[in-house]
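Some notes on the structure that comes next.
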Amino acid sequence: MMKCVWLKRLALSTALCAALYSVPGLSHDLILTPDQLRMDGEPALEAERGLIFVPENRADPASRKIAVHFLRFRALAAPAGASEAKRAPVFLVAGGPGSDFTFTSRWEREQLRFLRATRDVIYVSQRGNPRAPGLVPAMTLPPAPLPLDLPGSAEQTRQSQRSTLEAALQEWTRRGVDLRGYDILNIVDDLHDVRAALGYDKIVLRGCSFGSQWSLSYLKRWPQTVDRALLSGVEPLDHTYDDPRGLWTSMVHLAQLAEADPSFAKYVPKGGLIKSLQNVLQRLEAQPAKVEIEEPKTGRRVQVTVGADDLRELVRNANGFGTGTRLDSLANWPRFLAELDAGDYRYLAAKTWESRTSTERSPLILLLIDNSLDITAARDAYLRKASEEKWLGDINDHYHNTRDLTPTRRVGDDFRADWSIDVPVMLLNGDLDWSTPIENSRHLRGFLKQGHLLEIAGGTHCTEMNEVMAQQPELMQKVYSFIDADFTTTPAQQFFASMPKQASLAPMKFQAVTGPSLYEQWRGRAR
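Counted from 1, the sequence shown has number 248 at position 247 by the working numbering; the numbering is strictly sequential.
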């Protein structure tokens, strides 16, 4: 049995010590204890919180053990005649890498309610995720402040990304962490070990964004243990790197929606929004701009030099144009372009100032895991040929600049290759998804023997979470009925025939180019 002194590091009950036991036939220990998750104004969520102790690096026979955190929520009810032992639980997996669910937001709880209607739900945190509870080292990349008097550049970005990663790798290697173990195959096998330790024969996979890629990786490695999968914001295994074509297509689509909106059309620059963006990029390429802004906390005036690469970084960020949801942010994107066209670079300078002075730390596992998946040389060459890079820059620079540094082993082309998937799979994607463009889901749909794709017009990344759920809860109830459907009595394809192929969100309300500018709104929020 393991000592309990480390429990002081966890936000867990000391009852965990009494709950520690060894699982016969497995090479790890498991902790499982009752717990409650609380949220203001909501009833406490009953759960079981656990830690499973697994090898840090399964490729090394002498590897030490680490703890992987998980939560189990019991099914709210069982369907008539269903055997609890045979009812496959839902394994809910997060995105990122480096994201984590806390179950303290409305949409997280709504999703959980749907998922656990008739099945247990198991949420497994990513090993090495500094946001996850448990015995997890705070493995992050150090902040990298950049000078304000120079425009951003690809070389500056490259040097910054490499130096911060090298510092983090040296730091955590010195502390005794085997960073080779924080790869896609080990986090897949963490799911597999939790499944086995809890006694489930098969599981249902549910993930969005990287969570979909994690699910597909599990499905490829352990197909015999998968009952079905519900995936959104889809990343096929050879799509770790984003496609500039898909991103640009979605940006053009958003511009066209704004131009066709009678309430915004009068603010559209001559030649259209996309043409105006291209013109501004060319102006900044030829001559970076020196822009004076006010630091929101101190009121001190500072000058920020912005160039074309600073604009490229911001304009492709769906979350970069305000607070609230991605839809709220993207509703401000056309105004941002109109302000730039008129020569107002203050919002660009403000967001560049934020980026260059940030002290935030990002999870190290993002690069460790994603670089272990990498992509095939053929797809990399295809992406690099995209003419859209002229306007967007290298949207995969964080991978190109670091993949020779990370120690995690790469899976190889056989693992990344598309394959025919036998189990029922439902896909969901928005056509304004700038992280995982809808083309990803359309590609994967061609390899599903029993599959369905629901396209959401006007939906962004992981659109079901707080967009479809908020606007069309009855549609989400229909989507989540896939989880509970009995495919022994109703074949999956018959079930899919009853599902819509397309749905639309309410038209976006674009912000008019009147009143306080985006910069002035930013300054007010930041204070």
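Don't be surprised by glycine CBs; every beta carbon is placed ideally from N, CA and C.
Rounded to whole angstroms, what is the Cα-Cα separation between residue i and residue j?
i    : j    : result
W215 : W108 : 21 angstroms
D244 : I366 : 22 angstroms
R65  : T358 : 38 angstroms
P25  : A197 : Confidence is the limiting factor: at P25 the pLDDT is only 40, short of 50, which leaves the residue's position unreliable and the question unanswerable from this model.
T158 : K276 : 26 angstroms
S388 : D415 : 29 angstroms
L312 : T241 : 24 angstroms
K510 : I32  : 49 angstroms
P56  : I67  : 6 angstroms
L559 : T461 : The chain is shown from 2 up to 528; residue 559 falls before or after that span and cannot be answered.
W103 : A378 : Looking at the sequence shown, residue 103 is not Trp but Thr. Cα-Cα distance, rounded: 37 angstroms.
N467 : T326 : 8 angstroms
P143 : L393 : 26 angstroms
A86  : L93  : Its pLDDT being 47, under 50, A86 is placed unreliably by the model, and nothing is read from it.
Q495 : G431 : 24 angstroms
R404 : A169 : 14 angstroms
V566 : L46  : No answer is possible for residue 566: it lies beyond the span of the chain, which begins at 2 and ends at 528.
D262 : A256 : 10 angstroms
Q112 : R284 : 46 angstroms
A498 : S213 : 23 angstroms
L331 : L338 : 11 angstroms
K479 : P501 : 9 angstroms
S373 : Q503 : 34 angstroms
R132 : D345 : 38 angstroms
P492 : G516 : 56 angstroms
E475 : E286 : 48 angstroms
L341 : R524 : 17 angstroms
Q512 : D30  : 55 angstroms
P508 : T250 : 19 angstroms
N397 : A118 : 39 angstroms
N58  : R176 : 16 angstroms
C209 : L258 : 26 angstroms
G42  : T34  : 25 angstroms
T226 : L199 : 13 angstroms
L77  : A471 : 23 angstroms
Y481 : N333 : 31 angstroms
E355 : D191 : 37 angstroms
T299 : D61  : 52 angstroms
S100 : E156 : 28 angstroms
V469 : M477 : 7 angstroms
G272 : Q522 : 27 angstroms
F322 : D375 : 30 angstroms
A63  : G413 : 24 angstroms
If contacts are defined as beta-carbon pairs under 8 angstroms, then residue i and residue j qualify, I think. What distance do you get, rounded to the angstrom?
i    : j    : result
V426 : R229 : 7 angstroms
Y268 : Y520 : Rounded, the Cβ-Cβ distance is 16 angstroms, inconsistent with contact.
V303 : E314 : Contact doesn't hold; Cβ gap of about 19 angstroms is too wide.
Q162 : N402 : 5 angstroms
V178 : P134 : Going by Cβ atoms, the distance from V178 to P134 rounds to 18 angstroms, so no, they are not a contact pair.
V307 : P289 : 6 angstroms
R526 : T353 : So it is not a contact: roughly 17 angstroms between Cβ atoms.
Quick check: residue i and residue j, are their CB atoms within less than 8 angstroms of each other?
i    : j    : result
G459 : S505 : yes
S442 : L433 : no
D310 : P152 : yes
T370 : Y183 : The sequence given here places Ile at residue 370; Thr does not occur at that position. Yes.
E419 : K450 : Here residue 419 turns out to be Asp, not Glu, going by the sequence shown. No.
A48  : R73  : yes
W173 : L166 : no
R75  : D121 : yes
P90  : Y219 : no
L455 : V235 : no
E260 : L274 : yes
L147 : V305 : no
I484 : V292 : no
F54  : I123 : no
S233 : C463 : yes
M40  : P364 : no
R207 : L116 : yes
L238 : R417 : yes
G97  : F211 : yes
A350 : I294 : yes
V316 : L368 : no
Below 8 angstroms, can you find three or more Cβ-Cβ pairs linking the stretch 409-416 to the stretch 434-454? Contact check between the stretch 409-416 and the stretch 434-454: fewer than three CB pairs, one atom from each, fall below 8 angstroms, which does not count as touching.
Unbroken stretches of the beta strand (DSSP E), 3 residues or longer, contained in the stretch 261-327: If only complete runs of 3 or more residues are kept, the stretch 261-327 shows the beta strand (DSSP E) at 290-295 and 302-307, in order along the chain.
Please go through the stretch 30-106 and give each complete beta strand (DSSP E) segment of 3 or more residues, from N-terminal end onward. DSSP runs (the beta strand (DSSP E)) wholly in the stretch 30-106: 30-40, 43-56, 66-74 and 91-94.
Does the pairing of the stretch 173-189 with the stretch 125-135 give three or more beta-carbon distances under 8 angstroms? In short, these stretches touch, since the Cβ pair count reaches three.
Entirely within the stretch 330-397 and at least 4 residues each: give me those alpha helix (DSSP H) ranges in chain order. Runs of the alpha helix (DSSP H) inside the stretch 330-397: 347-358, 366-374, 378-385 and 390-393.
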